[in-house]
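Report on the structure given below.
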Amino acid sequence: MRALANAITPELRLAGVKVTLISPGFVASDIRRVDNQGTFHGHAKESMPAWLIMPTDKAARQILRAIARGKREAIITGHGKALVFLERFMPWVIRAVSRKIAAGRGGYRQEAKSG
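Per this note's numbering, the very first residue in the sequence shown carries number 42; after that it's consecutive.
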């Protein structure tokens, strides 16, 4: 998303449009109850721990404030800031953790080593 925001910002600036990249982290919503087919599962249990989830109204205030101030990017949760830091300065950590999580869920296939 950052690359897209950076790519479209100069072009849209010519038309008088400002771009603010919002990196919200986990915000209270039902999006995690929608499967890959777009089916809503209202009975599904929240997949994230409550302490990681920012209330919607608080997130909305921070997003609107960032847009009003013309910020290029707004990272609005503490864990979001930590993840963006890791992604920028230690991307291998994010890749390693992602592989481990995906492998545990059966979503990552490791190639057999030959030799």
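Note that beta-carbon positions come from the ideal geometry of N, C-alpha and C, so glycine has one too. In this text, all values refer to a predicted model and were calculated from it rather than measured experimentally.
Where does residue i sit, in a helix, a strand or coil, going by DSSP?
i: Phe67; result: coil
i: Val138; result: helix
i: Glu87; result: coil
i: Ala115; result: strand
i: Leu62; result: strand
i: Arg150; result: Low per-residue confidence applies at Arg150: pLDDT is 48, beneath 50, and the placement is therefore not dependable, though the value from the model is reported in the following sentence. Three-state result, Arg150: coil.
If residue i and residue j are in contact, beta carbons under 8 Å, what's the gap, nearest whole angstrom?
i: Ile63; j: Ala115; result: 5 Å
i: Ile94; j: Val75; result: About 16 Å separates the two Cβ atoms, so there is no contact after all.
Buried or exposed for residue i, going by 16 or more other Cβ atoms inside 10 Å?
i: Ala100; result: buried
i: Arg150; result: Confidence is the limiting factor: at Arg150 the pLDDT is only 48, short of 50, which leaves the residue's position unreliable and the question unanswerable from this model.
Where do the N-terminal and C-terminal ends of the alpha helix (DSSP H) with residue i fall, by residue?
i: Thr80; result: From DSSP, Thr80 is part of no alpha helix (DSSP H); its letter is neither H nor E.
i: Arg43; result: Arg43 to Arg54
i: Asp76; result: No alpha helix (DSSP H) holds Asp76; DSSP gives it neither H nor E.
i: Leu105; result: Thr97 to Ala109
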